[in-house]
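J.:
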Amino acid sequence: MNLKAKKRMAAAVPRVHFKKGDTVIVLSGEDKRKTGKVLQVLPGSGRALVEGIRMVKKHMRKTQDNPKGGIVEKEAPLPVCKLRLFDPAHKAAGKTA
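Counted from 1, the sequence shown has number 54 at position 55 by numbering that gives the first Met the number 0; the numbering is strictly sequential.
1) Measure the alpha-carbon distance for L38 versus V49 and round it to whole angstroms.
2) Looking only at its own chain, which residues have a Cβ that is under 6 Å from the Cβ of K56, when we skip the five neighbours before and after it?
3) If distances are taken between C-alpha atoms only, which option among E29, V79, H89 comes closest to K19?
4) Alpha carbon to alpha carbon, what distance is there between V15 and V40?
5) Excluding the 5 residues preceding and the 5 following K67 in the sequence, name in chain order all residues of the same chain whose CB lies nearer than 8 Å to its CB.
6) Can you tell which of L84, P76, D64, I52 has the C-alpha that lies nearest to the C-alpha of K31?
7) Name the two residues that bound the continuous beta strand (DSSP E) containing D86.
8) Distance, Cα to Cα, L124 vs F17?
9) Determine the extent of the beta strand (DSSP E) in which A47 is found, giving its start and end residues.
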């Protein structure tokens, strides 16, 4: 991959202005105005996992570890453009560079 292609790919992925453990607020979508703690940041895809936000149901197959199987609720990645750092002291979303 040449230099121009690398720059083009870097420009397509949004910058992440928070890290694991930060408190964020959701700006749009089904979970608008909800806050949660960042569990994992996926900078390559521009997404983040937030505790208790964008819960999806995953159907688990029966295995030796999980002999019963069933339906499990877990967090799904959320685009970072829909998240903003949240300051619990001021109860407001902060601006980032």
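Here a beta-carbon is modelled for each residue, glycine too, at the ideal position from N, C-alpha and C.
T.: The relevant details are as follows:
1) 6 Å
2) I70, E72
3) V79
4) 8 Å
5) K61
6) I52
7) 82–86
8) Given that the chain is displayed from residue 0 to residue 96, the structure contains no residue 124 and the question cannot be resolved.
9) 46–49
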